[in-house]
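Everything below concerns the one structure shown next.
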Amino acid sequence: MLKAIGVFLLCGAALPALSQSSPPDKVGAVSAETQSAPSNKGQSSNSATVAPQQQGPIKSTAIIGLDGVKDKSAGILTIENGKLCFVHSGTRSQIPAVAMEDVVTAADSQRVIRGTLGTVSMLAPYGSGRALSMIRSKIDSLTIKYCDDTGGLHGAVFTMPARTAEPFKQALLKQGAHTTIPAPATTSSDLSPQVATRGKQ
Amino acid sequence: MTKYFRITTCVCLFAMTSLACARLHAQAKARDKIKASAIKVEMIQSDEIKLPAEFQVALYENLIQQLGKKASFLHVYRDGDRDATNVPNLVVLHTTVSGFKKGSEEMRQVTTVAGATSITIHCRFTSADGKVVLEKDVNGDVRFFGDNLKATYDFAKKASAVVRENFSTTGTS
């Protein structure tokens, strides 16, 4: 009986998680398409100027620090007219890029099955719930420090799909943001093959 | 009848003494508190210990959120806020990371006992002219459930409790 419950819980937990894991890839693909459009225009002049003026939408989670947005709210992150925009259930929060004192990215991971379902799955018998914790997805975090109108320092932390934070940071830097950590060397080597393949297309 | 009267008198006296003691103790406690009307939170410093940027920002933001909730008698100003320059009885909170151990969320979820994240922060409360009024080490950790950044929330709750216990608008300056 317990085995049957365990198998039921595992199946119930794994199926929605697998279906949830696909949308970020789709959003990432959309953002990649929007990024590639301006770069194709700029290919003939200079392949180094790949970063667009407007970063495509990325599905993101505002972990903490964004004014008017509840912690751990999911939304869409974009860069429009020199501002970082976070749209969440109709509300729109904006941070001007020039007000950003520091933009830092980092890599992390999170449980694929999380939330209430993740907590319930922890109760599955024979340690199967714990085994599910080992199924993890890679994510990037984007940390921003910025000043408000009165000079008060704010901070905001976002998480987004893996390999999307660094291009986002570069786009913000181009819009006037500052950083204390320069771009890692691997980023340029990662980008150059993409540019080459775009050129071939 | 006389015995009954004596017992009643003794009970009344005992009750009055207990109430008076409690009131005097509360008054003494209030007098021990430091007078403050506003608090300015400086950004978390981590010169000696390398602290990831997301932890630094989460510590700072959680601290401001929790101070707003638990020490609502104080007006909370952010680091660099120009409005805080001429505020009377302003207390400035300087925080320096003195210990940090980044655990693993995966390890915690799989083993329960391993992978704890802990942060120890030295909190120094000064007056506007730089005089130290209170110093205390506060730690935050996450041992069982939650992501690593939950340690910053734990720290913020404890730090705001320290502020609530030691500062008041009617205390001694």
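Residue numbers (my numbering), protein chains in the order written: chain A, 1 to 201; chain B, 202 to 374.
Ideal Cβ placement from N, Cα and C applies to all residues, glycine included.
Taking 8 Å as the cut-off, decide whether the C-beta atoms of residue i and residue j are in contact.
i, j, result
"A:T154", "A:G65", "Note that residue 154 of chain A is His in the sequence shown here, rather than Thr. In contact: A:H154 and A:G65 (Cβ atoms closer than 8 Å)."
"A:V157", "B:V258", "yes"
"B:A343", "B:V363", "Residue identity differs from the one stated: residue 343 of chain B is Val in this sequence, not Ala. Contact flag unset, no."
"B:H295", "B:R325", "yes"
"A:S89", "A:I76", "no"
"A:T179", "A:K169", "yes"
"B:S238", "B:N290", "yes"
"B:N349", "B:K234", "no"
"A:V112", "A:A177", "no"
"A:Q110", "A:I139", "yes"
"A:A74", "A:K83", "no"
"B:T371", "B:K236", "yes"
"B:A272", "B:Y278", "no"
"A:D245", "A:S141", "Absent from the structure is residue 245 of chain A, since the part of chain A shown begins at 1 and ends at 201."
"B:A254", "A:T143", "yes"
Can you look up residue i in the DSSP assignment and give me helix, strand or coil?
i, result
"A:P167", "helix"
"A:V69", "coil"
"B:G341", "strand"
"B:Q310", "helix"
"B:S361", "helix"
"A:V120", "helix"
"B:F301", "strand"
"B:T218", "helix"
"B:E336", "strand"
"B:F346", "coil"
"A:Q175", "coil"
"B:K251", "coil"
"A:R114", "coil"
"B:K234", "coil"
"B:F274", "coil"
"A:E101", "strand"
"A:P23", "Confidence at A:P23 is low in this model, with a pLDDT of 40, below 50, so the placement of that residue should be treated as unreliable; the coordinate-derived value is given next. Of the three classes helix, strand and coil, the one that applies to A:P23 here is helix, per DSSP."
"A:T180", "coil"
"A:G75", "strand"
"A:S128", "helix"
"A:D140", "strand"
"B:E262", "helix"
Just the Cα atoms here: how many angstroms apart are residue i and residue j?
i, j, result
"B:Q310", "B:D355", "18 Å"
"B:T321", "A:M160", "28 Å"
"A:Y126", "A:I135", "17 Å"
"A:Y146", "A:S137", "29 Å"
"A:T119", "B:A352", "19 Å"
"B:L214", "B:K204", "15 Å"
"B:K318", "B:Q267", "The displayed chain sequence assigns Thr, not Lys, to residue 318 of chain B. Taking the straight line joining both Cα atoms gives about 20 Å."
"B:S369", "B:T312", "43 Å"
"A:I95", "A:E80", "10 Å"
"A:T150", "B:D282", "6 Å"
"A:G115", "B:N263", "21 Å"
"A:T105", "A:S128", "33 Å"
"A:T164", "B:K270", "35 Å"
"A:K174", "A:R92", "22 Å"
"A:D71", "B:L260", "14 Å"
"B:F256", "B:R365", "24 Å"
"B:I250", "B:H323", "12 Å"
Is the Cβ of residue i closer than 8 Å to any Cβ of chain A?
i, result
"B:Q310", "yes"
"B:G281", "yes"
"B:E307", "yes"
"B:D338", "no"
"B:N287", "no"
"B:D342", "no"
"B:N367", "no"
"B:M217", "no"
"B:T371", "no"
"B:N263", "yes"
So with Cβ pairs under 8 Å, would you call residue i a contact of chain B?
i, result
"A:I63", "yes"
"A:R163", "no"
"A:V87", "no"
"A:L123", "no"
"A:G152", "yes"
"A:V157", "yes"
"A:V69", "no"
"A:V120", "no"
"A:A106", "yes"
"A:R111", "yes"
"A:S21", "With a pLDDT of only 42 at A:S21, under the threshold of 50, the placement of this residue in the model should not be trusted; the figure read from the coordinates follows. A:S21 does not count as touching chain B."
Run the proximity test for residue i: is its beta-carbon closer than 7 Å to any non-hydrogen atom belonging to the ligand GTP?
i, result
"B:R309", "The ligand GTP is not part of this structure, which contains no ligands at all."
List the residues of chain D whose Cβ lies closer than 9 Å to the Cβ of residue i, in chain order.
i, result
"B:D284", "The question asks about chain D, but that chain is absent: this structure's protein chains are A and B."
Residues within the segment 347-362 of chain B neighbouring chain A, beta-carbon criterion of under 8 Å
D348 and L350
Name the residues in the segment 249-261 of chain B whose C-beta lies less than 7 Å from a C-beta of chain A; which are they?
P253, A254, E255, V258, A259 and Y261
Cβ-based contacts, 7 Å cut-off: residues of the segment 128-147 of chain A near chain B
R130, S133, M134, R136, S141, T143, K145 and C147
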